[in-house]
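2 is the number of the first residue of the sequence shown in the working numbering; add one for each residue after it.
Where is the CB? At the ideal position from N, CA and C, for every residue including glycine.
For clarity, every value in this text was computed on a predicted model and none was experimentally measured.
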Amino acid sequence: MALCVGGTLIANPQYCPMSQYLKVSGPRQKLKESEKVKDDFVRIAAHELRTPIQPILGLTQILRSRIKDNQQQQFLDTILRNAKDSKDLPKIF
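Here it is as structure tokens:
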């Protein structure tokens, strides 16, 4: 079977660079679509993680400024540190 590509007659289409491109373009397109889905998921997850953390940080800072007990301040410092670490987690992705 002969194949004509770009005006060139190819006796064996197996060796046509265009046929190789066509074989690869399907998986490449699926890969691009998968990456887009992953990026969208990470973006949404990052937003969902940051949203509740901001009020935790703000209220904990207010509470810490009003509490004088050292042990309670250390507990609040732990909350602040963990909330800040959680807030930065989406940057990893």
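Neighbour-count burial assignment, residue i, 16 or more Cβ in a 10 Å radius
i	result
Leu60	exposed
Ala46	exposed
Leu32	exposed
Three-state secondary structure assigned by DSSP to residue i
i	result
Asp70	coil
Residues near residue i by beta carbon distance below 8 Å, same chain, minus five either side
i	result
Leu81	Leu58, Thr61, Gln62 and Arg65
Lys88	Leu50, Arg51, Ile54, Gln55 and Leu58
Asp78	Arg65
Contacting residues, own chain, Cβ-Cβ under 6 Å from residue i (five flanking each side not counted)
i	result
Arg44	none
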